[in-house]
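J.: Right, I'll just put the structure down here and ask away after.
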Amino acid sequence: MKILVVGSGAREHALAWKLARERDVSEVLCAPGNPGIAEVARCLAADPARPPDLLGLAVREQVDLTVVGPELPLSLGIVDLFSARGRPIVGPTKEAAALESSKAFAKDFMARHGVPSARFRVCDTAEAALDAIAGGEFGLPLVVKADGLAAGKGVVIAEDRATAEQAVRASMIEGRFGASGSRVVLEEFLTGQEASYFVLADGVSCMPLSSAQDHKRIFDDDRGPNTGGMGAFAPSPLLTPEVERRVLDEIVHPVLEGMAAEGRPYRGFLYVGLMLTAEGPKVIEFNVRFGDPEAQVVLPMLDEELSWLLGEAATGALPSRPARFRNEPHVGVVLAARGYPDAVETGKPISGVDTAAAVEDALVFHAGTGRRDGQLVTSGGRVLTVVGRGPTYRDAIDVAYRAASHVHFDGMQLRRDIGRKALLGSDPGDGSTQGVDTSRIRGLTP
Ligand SMILES: Nc1ncnc2c1ncn2[C@@H]1O[C@H](COP(=O)(O)OP(=O)(O)O)[C@@H](O)[C@H]1O
Ligand SMILES: [Mg+2]
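FYI, the numbering for the sequence shown is 53 to 498, going by the working numbering.
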């Protein structure tokens, strides 16, 4: 089987790495890929924002199956395009991708199907949003979300009314997110702990994959601005078998049944962003693809052929049993460039990647890397994800940081506390990781 992976980040590196090791895979292609991916796949220049180009490439190369990493091509209808030409592809159609590309759609959909989520109001005009804020129906803090894709910058947690109003004006009047912000969703603030849950769906049934937790803020202890993700670990100790059952029964199955019933059956990876509240798991958001950095820690745990699962998903023949995973926690630390998540410096020489990758039980996935005169250099904000695994979270953390300590580039920044929540979360007691004395946790730094 010849497989094409669309994308160029560490998530796509993890996909390509896994596929390249499998028996039934004759060749992995990646468009456009990156220097790390080039070690396991043949990279082809193409713009993921141009689905027709990717179709042309798949036809020319006689690709048997295509899997899409990022959301943009999905929301642009790459799956519709491939399907119309009879080309097998794994991912949701443009209509099904609305679960991510329109938060208003996702919220209304959940309300229609009784899926637990924060109380909300969709506002089509700034006037309506400002009136709703004045009405105070959801109290404070109030969550203000731009409707469309906003590269992780479209959500404001407003502690006071003035901040909420400002968020509405920025999105709906000043046009900060373009068309994505011309509608907003106001939401009640949920308290609890966040985790994510992944399934692979084939339009009707789904295969439960794994849980994970990511670290969105740039600095340790979840401080500073939001990023695309500074690290992740899997599985999440918060997703006990009992919670997992609720997530499947109350969220995943009703969502897949509802999507099918509304004529937009869901196929592909589904990322369920969860808040584990006192009342049970509630949906924060859906992503219509694998998470990044979650894919980098979940895929290496998968103990069966991904190519086979993807093939079954593409043809609607996926078994509904859970996928098999190695019983070994994985922890991934993102190495980011100076300036990230704002303007970043690029072109800095990177050293030590091979030494890091040679550390036992470690893996290195590339994201923002490039080559200049044969030398590996930085080319983006999130440069690498270094993954460690081990019999315990502590072991996996130690491996990841030991491997990361070999990598150097000017301005490199990383969080030192990736995975710490898993150690706390597995403590006896109420399972809470909030307000715990973190000085008890040792051995987290290289
Ligand atoms: N209703 C809510 N209550 C509490 N926190 C929320 C709520 N909605 C979102 N958040 C916080 O904001 C973050 C971003 O929101 P999300 O809906 O995931 O948007 P996106 O990932 O598209 O930026 C979440 O990870 C969560 O920490
Ligand atoms: Mg999110």
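We put the beta carbon where it would ideally sit given N, CA and C, even for glycine.
May I have the straight-line CA-CA distance separating Met327 from Leu476, to the nearest angstrom?
T.: Approximately 17 Å, taken between the alpha carbons.
J.: Using only the heavy atoms of ligand 4, determine whether one of them is closer than 6 Å to the beta carbon of Gly463.
T.: Here the bound small molecules are ligand 1 and ligand 2; ligand 4 is not part of this structure.
J.: Can you give me the C-alpha to C-alpha distance between Glu337 and Ile209, rounded to a whole angstrom?
T.: So the two alpha carbons sit approximately 15 Å from each other.
J.: Cβ-heavy atom distance between Ala414 and ligand 1 below 6 Å?
T.: Answer for Ala414: no, Cβ out of range of ligand 1.
J.: Which whole-angstrom value is the C-beta distance of Val240 and Ala170, which I expect to be below 8 Å?
T.: In the sequence under discussion, the amino acid at residue 240 is Glu, which differs from the Val named in the question. Contact flag correct, Cβ pair sits at about 5 Å.
J.: Straight-line CA distance for Ala68 to Phe417?
T.: Their Cα atoms are separated by approximately 10 Å.
J.: I think Gln427 touches Pro393, with their Cβ atoms under 8 Å apart; what is that distance to the nearest whole Å?
T.: Contact flag wrong, Cβ pair sits at about 25 Å.
J.: Between Gly59 and Lys268, what straight-line distance do the alpha-carbon atoms span, to the nearest angstrom?
T.: C-alpha separation (whole angstroms): 21 Å.
J.: Would you call Arg494 buried or exposed, if buried means 16 or more other Cβ atoms sit within 10 Å of its Cβ?
T.: At Arg494 the pLDDT is 31, less than 50, meaning the model places this residue with poor confidence; the figure from the coordinates comes in the next sentence. The residue in question, Arg494, is exposed, as its Cβ has fewer than 16 Cβ neighbours within 10 Å.
J.: Taking just the CA atoms, how far does Gly188 sit from Arg73?
T.: Going from the Cα of Arg73 to the Cα of Gly188 covers about 55 Å.
J.: Ignoring anything shorter than 3 residues, give me the beta strand (DSSP E) runs that lie fully in the segment 155-183, in order along the chain.
T.: Fully enclosed beta strand (DSSP E) runs of 3 or longer: 172-175.
J.: Leaving out the 5 sequence neighbours to the left and right, which residues in its chain are closer than 7 Å to Pro374 when beta-carbon positions are compared?
T.: Only Met259 and Pro260 meet the Cβ criterion.
J.: Determine, using beta-carbon pairs with one atom in the segment 143-152 and one in the segment 301-321, whether at least three such pairs fall under 8 Å.
T.: They touch, by the three-pair rule.
J.: Can you look up Lys473 in the DSSP assignment and give me helix, strand or coil?
T.: Residue state, collapsed to three classes: helix.
J.: Going along the chain, which unbroken runs of the alpha helix (DSSP H) with 4 or more residues stay wholly within the segment 194-232?
T.: Listed in chain order, the complete alpha helix (DSSP H) runs (minimum 4 residues) inside the segment 194-232 are 213-220.
J.: Please name the residue or residues paired with Asn278 in a DSSP beta bridge.
T.: BP columns for Asn278 point to Arg269.
J.: Cβ-heavy atom distance between Gly59 and ligand 2 below 6 Å?
T.: Not so, every heavy atom of ligand 2 lies at least 6 Å from the Cβ.
J.: Below 8 Å on the Cβ atoms is my guess for Tyr323 versus Ala253; work out the distance and round it to an integer in Å.
T.: About 11 Å; that fails the 8 Å criterion.
J.: Quick check: the Cα distance between Val195 and Thr215, rounded to an integer number of angstroms?
T.: Distance between the alpha carbons of Val195 and Thr215 is about 10 Å.
J.: Would you kindly report the start and end of the unbroken alpha helix (DSSP H) that includes Leu124?
T.: Counting along the chain, the alpha helix (DSSP H) containing Leu124 begins and ends at Glu123 to Ser127.
J.: With DSSP collapsed to three states, give me the class of Gln348.
T.: In the structure shown, Gln348 sits in a helix (DSSP, three-state: H, G or I).
J.: In angstroms, rounded to a whole number, what distance separates the CA positions of Arg221 and Pro287?
T.: The straight-line gap from Cα to Cα measures roughly 39 Å.
J.: When we look at the beta-carbon of Thr497 and count the other beta-carbons within 10 Å, is it buried (16 or more) or exposed?
T.: The predicted model places Thr497 with a pLDDT of 34, which falls under 50 and marks its position as unreliable, so this point remains unresolved.
J.: Residue range of the alpha helix (DSSP H) that Phe461 falls in?
T.: Counting along the chain, Phe461 falls outside any alpha helix (DSSP H), and DSSP gives it neither H nor E.
J.: Is Lys400 helix, strand or coil by DSSP?
T.: In the structure shown, Lys400 sits in coil (DSSP, three-state: anything other than H, G, I, E or B).
J.: How many whole angstroms separate the CB atoms of Gly442 and Val451, which I take to be in contact at a CB cut-off of 8 Å?
T.: About 6 Å; that satisfies the 8 Å criterion.
J.: To which residues of the same chain is Gly399 closer than 6 Å at the C-beta, ignoring the five residues directly before and after it?
T.: Val429.
J.: Measure the CB-CB distance between Leu71 and Ser372 and report whether it falls below 7 Å.
T.: Taking 7 Å as the Cβ cut-off, Leu71 and Ser372 do not qualify as a contacting pair.
J.: Am I right that Pro103 and Gly61 are in contact with their C-beta atoms under 8 Å? What's the rounded C-beta distance?
T.: No, Pro103 and Gly61 are not in contact; Cβ-Cβ is about 18 Å, not under 8 Å.
J.: Quick test of the definition: if touching needs 3 or more C-beta pairs under 8 Å, does the segment 137-145 touch the segment 110-127?
T.: With the cut-off at 8 Å, the segment 137-145 and the segment 110-127 touch.
J.: Please report whether the beta-carbon of Ala409 lies at a distance below 7 Å from any beta-carbon of chain D.
T.: The structure shown contains no chain D, having only a single protein chain.
J.: By how many angstroms is the C-alpha of Ala203 removed from the C-alpha of Tyr453?
T.: Their Cα atoms are separated by approximately 28 Å.
J.: Mapping DSSP to helix, strand and coil, what is Ser153?
T.: Here Ser153 sits in helix by DSSP.
J.: What three-state label does DSSP hand Arg139 in the structure shown?
T.: If DSSP states are grouped into helix, strand and coil, Arg139 belongs with coil.
J.: Would you please state the rounded distance, in angstroms, between the beta carbons of Arg228 and Asp176? I believe it to be under 8 Å.
T.: Rounded, the Cβ-Cβ distance is 17 Å, inconsistent with contact.
J.: Tell me which residue opens and which closes the beta strand (DSSP E) that Ala83 is part of.
T.: Counting along the chain, the beta strand (DSSP E) containing Ala83 begins and ends at Glu79 to Pro84.
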